[in-house]
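Chemist: Got a structure here, written out as structure tokens. Questions coming.
Protein chains: 2
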Amino acid sequence: MQIWNDEIIQSTYKMSDAIKDIETLFNNMDAITTAQRVVLPTGEGAKSMLYMPCIHTEKQMGIIKITSITPENPQQGRPTTQANIIITNIETGEHVASLDASYLTRLRTGALSGIATKYMSRTQSQTLGMIGTGGMAFEQLLGNLEVRPIKKVLLYNRTQEKAEQFKQRIFQSFPSLEVDIVQDVQTLVKQSDIINCQTASQSPVFEAKDVQKGTHINGIGSYRPDMKELDFHLFPDAQHIVFDDIEGVKEESGEFIEADQQNIFKFDEIDGDLQSVVLNDESLRKQDDEISIFKCVGAAHFDLAVAIGAYEKLLKNAN
Amino acid sequence: MQIWNDEIIQSTYKMSDAIKDIETLFNNMDAITTAQRVVLPTGEGAKSMLYMPCIHTEKQMGIIKITSITPENPQQGRPTTQANIIITNIETGEHVASLDASYLTRLRTGALSGIATKYMSRTQSQTLGMIGTGGMAFEQLLGNLEVRPIKKVLLYNRTQEKAEQFKQRIFQSFPSLEVDIVQDVQTLVKQSDIINCQTASQSPVFEAKDVQKGTHINGIGSYRPDMKELDFHLFPDAQHIVFDDIEGVKEESGEFIEADQQNIFKFDEIDGDLQSVVLNDESLRKQDDEISIFKCVGAAHFDLAVAIGAYEKLLKNAN
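As they're listed, the protein sequences go chains A and B. The number in the numbering used here is simply the position in the first sequence, starting from 1, with 6 added. The number in the numbering used here is simply the position in the second sequence, starting from 1, with 6 added.
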């Protein structure tokens with residue numbers, strides 16, 4: 007069994023790879039078999055283990071992502087979420103690789119936003135507003151940078167110190183990007199062509215009324231029914247709503263579940279899932295003044311796409 | 007993440023450890039959380055991936071056993087079953103170890119037979135009859151040797167060449183054991199104090215009428231509903247029937263499922279599961295002439311017991 011840690015994977019497998027591999031997977035979803043993920047509680051609250059298996063019959067590869075969620079970890083300087091992916095060659099039955107999957111999980115989530123942004127936002131979007139500058143944020147930036155000519159990034163975070171750190175991190179990788187920290191989220195919302203939310207918020211992080219015509223929004227938080235980072239009053243104003251995984255959003259995404267219950271929005275009104283958008287292969291956006299929303303909760307087959315992609319590239323580099 | 011292969015595990019963690027660790031677990035089953043195992047088909051017939059997660063809340067450890075089943079593998083000189091166990095420290099969320107689990111799976115199955123033999127067979131059992139000398143057989147021998155003063159081993163296998171190879175293997179490890187290969191299974195059944203069956207047979211491998219009073223039987227095969235290595239006409243003659251995992255046997259073990267359907271035996275007639283026997287801590291056998299049967303299908307918590315036991319011992323040896 008080959009073992010690769012986050013550092014090696016990160017230096018080998020990039021955002022452009024992840025976007026390409028997920029789009030390729032969308033063209034071959036018949037080859038995918040996924041089981042319901044298994045959740046085992048391991049303590050109080052959200053403390054748990056998640057197990058997400060998935061098979062690619064054409065590539066003859068299977069993966070399982072094993073994720074621990076330890077909410078009290080940040081107090082000890084450890085990450086809340088720690089993930090590992092085991093890859094099995096299902097032709098020979100051999101367990102061929104163990105990959106750290108923290109970076110890969112962030113990367114595939116950023117790639118999903120990138121793909122959505124490509125098909126849903128205005129082509130000339132130049133200002134990206136980021137609400138939440140935590141663990142998932144950097145790859146969200148990468149996903150957007152990959153597909154749009156972003157010149158300016160606006161940051162908003164509850165704890166300003168973290169926004170400052172994130173600004174420094176952006177500067178180190180992209181010194182020519184203009185990055186501003188805003189004090190009020192309203193400024194960010196009004197000025198951004200694309201708004202990317204990645205928070206654990208249980209209430210809306212901005213107000214629907216502030217969203218300008220033409221804005222595209224990526225919602226990455228709200229991966230539990232009690233989380234509601236997007237203001238659902240925006241949903242009736244949006245011409246396009248796309249999910250990465252419809253069943254996942256129905257089960258997990260707090261603001262959409264509540265909006266559906268309150269009849270502010272119905273699940274059957276969406277444009278479909280991201281796969282159908284990619285297969286259609288043309289911009290979902292028809293007018294510059296449309297508002298569009300992409301909601302992402304993740305699914306095992308996205309992990310599979312990047313894990314196998316990374317495995318193949320790592321193997322090639324090793325030989 | 008620490009990685010240990012079969013060879014290192016095999017040289018470190020022994021049958022006596024496995025028996026002790028499984029008996030210890032039986033005294034602490036309240037600490038165990040198990041999810042339904044996940045099965046994903048990966049090809050024709052039985053070709054599949056199995057995922058078995060399990061948590062030990064007191065030890066703050068979780069495992070998942072990942073098993074590939076590749077029926078055509080032996081034709082290419084590869085094993086049908088290949089297993090790996092990932093161990094997670096659920097206190098910190100860290101994925102701490104990857105263990106080859108082929109030996110551990112055979113070992114825990116042998117340990118379960120050993121524990122059953124200890125509580126169910128005659129104390130002075132000296133002759134062990136083994137039907138089937140395939141991949142699981144050696145650790146079945148070890149389990150019985152650990153708990154009874156076995157002097158003579160009778161072997162029966164459909165392919166005699168494999169019986170010869172197995173006899174050689176026994177001789178290398180236990181030169182003082184008398185080992186005879188028998189040509190007809192009837193001889194083996196009539197002469198054995200303990201009969202251990204480990205076959206993939208879909209029909210009974212011996213006849214009930216040949217079983218002598220006082221015999222104890224361990225049934226290790228029949229892990230699918232289409233497998234029926236034990237003659238269910240024996241069940242009404244048995245004073246004691248014990249399962250390793252009642253729910254597992256009800257779902258998987260062909261001869262018991264059919265016997266129950268035909269009213270030759272009912273699942274509520276058993277003495278209980280192996281845990282209850284161990285907790286009661288006295289021989290289940292009350293008379294020398296009783297017939298007893300132990301049926302074993304395996305379960306995630308047995309894998310957990312040996313995986314954590316092996317991990318702790320390997321870690322101690324490494325330091």
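For glycine and all other residues, C-beta sits at the position ideal for the given N, C-alpha and C. All values derive from a computational prediction rather than experimental measurement.
Counting only beta-carbon atoms, is Met55/A nearer than 7 Å to chain B?
Modeler: Yes - at least one Cβ of chain B is within 7 Å of the one on Met55/A.
Chemist: Since I believe Arg112/A is in contact with Met142/A (beta carbons under 8 Å), could you give me their beta-carbon distance rounded to a whole number of angstroms?
Modeler: Met142/A to Arg112/A, Cβ: 6 Å. Contact.
Chemist: Got a sec? Which residues, its chain only, sit under 8 Å from Asp309/B by beta carbon, not counting five neighbours each side?
Modeler: These residues qualify, in order along the chain: Met58, Cys60, Ile69, Lys71, Ile91, Ala107, Leu110, Thr111, Arg114.
Chemist: Touching or not, the stretch 15-34 of chain B and the stretch 43-58 of chain A, by the rule of three or more beta carbon pairs under 8 Å?
Modeler: Output reads no: the stretch 43-58 of chain A does not touch the stretch 15-34 of chain B.
Chemist: In this structure, what does DSSP give as the bridge partners for Gly225/B?
Modeler: Answer by DSSP bridge pairing, in chain order: Cys203/B, Lys301/B.
Chemist: In chain B, what lies closer than 7 Å to Pro80/A by C-beta?
Modeler: Near Pro80/A there are no residues of chain B at all, since even the closest Cβ is about 11 Å away, more than 7 Å.
Chemist: Return yes when the Cβ of Ile247/A is within less than 7 Å of the Cβ of Ile299/A, no when it is not.
Modeler: Taking 7 Å as the Cβ cut-off, Ile299/A and Ile247/A qualify as a contacting pair.
Chemist: Taking only the alpha-carbon atoms, compute the straight-line gap between Asn269/A and Ile276/A and give it to the nearest angstrom.
Modeler: Spanning the two alpha carbons is a distance of roughly 14 Å.
Chemist: Tell me which same chain residues have a C-beta within less than 6 Å of the C-beta of Ser119/B, skipping the five on either side of it?
Modeler: Hits under 6 Å: Gln146, Gly149, Asn224.
Chemist: Out of Asp294/B, Gln42/B, Gly260/B, point me to the one whose CA is closest to Ser131/B's CA.
Modeler: With distances taken between Cα atoms, Ser131/B lies closest to Asp294/B.
Chemist: Pull up the distance between the alpha-carbon of Glu64/A and that of Ser104/A, whole angstroms please.
Modeler: Between Glu64/A and Ser104/A, the C-alpha separation is close to 21 Å.
Chemist: Please determine, among Phe212/A, Met21/A, Gly254/A, the residue with the shortest C-alpha to C-alpha distance to Ala41/A.
Modeler: Of the listed residues, the one whose Cα sits closest to Ala41/A is Gly254/A.
Chemist: By DSSP's criteria, Asn90/A is part of a beta bridge. Which residues make up the other side?
Modeler: BP columns for Asn90/A point to Ile72/A, Asp106/A.
Chemist: Relative to chain B, which residues along the stretch 119-143 of chain A have a C-beta separation below 7 Å, given in chain order?
Modeler: Here the close residues number zero.
Chemist: Flag Thr30/B as yes if its beta-carbon sits less than 7 Å from any beta-carbon of chain A, otherwise no.
Modeler: Output row for Thr30/B: interface = no.
Chemist: Can you list, in chain order, the residues of its chain whose CB lies under 6 Å from that of Val188/B, leaving out five sequence neighbours each side?
Modeler: The answer, listed in chain order, is Leu160, Tyr162, Leu194.
Chemist: Go ahead and pull the three-state DSSP assignment for Thr39/B.
Modeler: Three-state result, Thr39/B: strand.
Chemist: Any idea if Gly83/B is buried or exposed, counting beta-carbon neighbours within 10 angstroms, 16 or more meaning buried?
Modeler: Answer is exposed; the Cβ neighbour count stays below 16.
Chemist: I'd like to know if the stretch 202-217 of chain A and the stretch 228-236 of chain A are in contact, where contact means that at least 3 CB-CB pairs between them fall below 8 Å.
Modeler: In short, these stretches touch, since the Cβ pair count reaches three.
Chemist: Measuring only between beta-carbons, confirm whether Asn34/A sits less than 7 Å from chain B.
Modeler: No, no contact with chain B.
Chemist: So, using beta-carbon positions, are Leu321/B and Trp10/B closer together than 7 Å?
Modeler: The answer is no: Cβ separation not under 7 Å.
Chemist: For Leu296/B, which residues of its own chain have a beta-carbon under 6 Å away from its beta-carbon, when the five flanking residues on both sides are left out?
Modeler: The sequence given here has Glu at residue 296/B, not Leu. Excluding positions up to five away in sequence, the list reads Gln245.
Chemist: Using the three-state DSSP reduction, which class does Lys319/B fall into: helix, strand or coil?
Modeler: Looking at Lys319/B - three-state DSSP - the assignment turns out to be helix.
Chemist: What do you get for Ala324/B, buried or exposed, if any count of 16 or more other CB atoms within 10 angstroms of its CB means buried?
Modeler: Under this definition Ala324/B is an exposed residue.
Chemist: Give the range of the alpha helix (DSSP H) segment to which Gln8/A is assigned.
Modeler: Premise fails: Gln8/A lies in the beta strand (DSSP E), 8-10, not in any alpha helix (DSSP H).
Chemist: Please report how far the alpha carbon of Phe241/B lies from the alpha carbon of Ala305/B, in whole angstroms.
Modeler: Cα to Cα, Phe241/B sits roughly 23 Å from Ala305/B.
Chemist: Can you check which of these residues, Val211/B, Gly220/B, Leu183/B, is closest to Phe238/B by C-alpha distance?
Modeler: The residue with the shortest Cα to Cα distance from Phe238/B is Val211/B.
Chemist: Please check if any C-beta of chain B sits within less than 7 Å of the C-beta of Thr221/A.
Modeler: By this cut-off, Thr221/A is not an interface position.
Chemist: What residues of chain D sit near Val44/B, judged by a beta carbon separation below 7 Å?
Modeler: This model lacks chain D altogether; the protein chains it does include are A and B.
Chemist: Mapping the DSSP letters down to three states, classify Asp250/A as helix, strand or coil.
Modeler: Here Asp250/A sits in coil by DSSP.
Chemist: Run through the DSSP bridge pairs and tell me what Gly278/B is partnered with.
Modeler: DSSP output for Gly278/B lists Val248/B as bridge partner(s).
Chemist: Identify, in the order they occur along the chain, each residue of the same chain with its Cβ nearer than 6 Å to the Cβ of Tyr317/A, setting aside the five sequence neighbours on each side.
Modeler: Excluding positions up to five away in sequence, the list reads Ile93, Ala103.
Chemist: Would you kindly work out how many angstroms separate the C-alpha atoms of Ala89/A and His101/B, rounded to a whole number?
Modeler: When rounded, the distance between both Cα atoms is 8 Å.
Chemist: Is there at least one Cβ from chain A nearer than 7 Å to Asn90/B's Cβ?
Modeler: Chain A, which has a Cβ nearer than 7 Å to the Cβ of Asn90/B, makes this yes.
Chemist: Less than 7 Å between CB atoms is the rule here; does His101/A satisfy it with respect to chain B?
Modeler: By this cut-off, His101/A is an interface position.
Chemist: To the nearest whole angstrom, what separates the beta carbons of Val284/A and Ile38/A, a pair I think is in contact under 8 Å?
Modeler: Contact doesn't hold; Cβ gap of about 14 Å is too wide.
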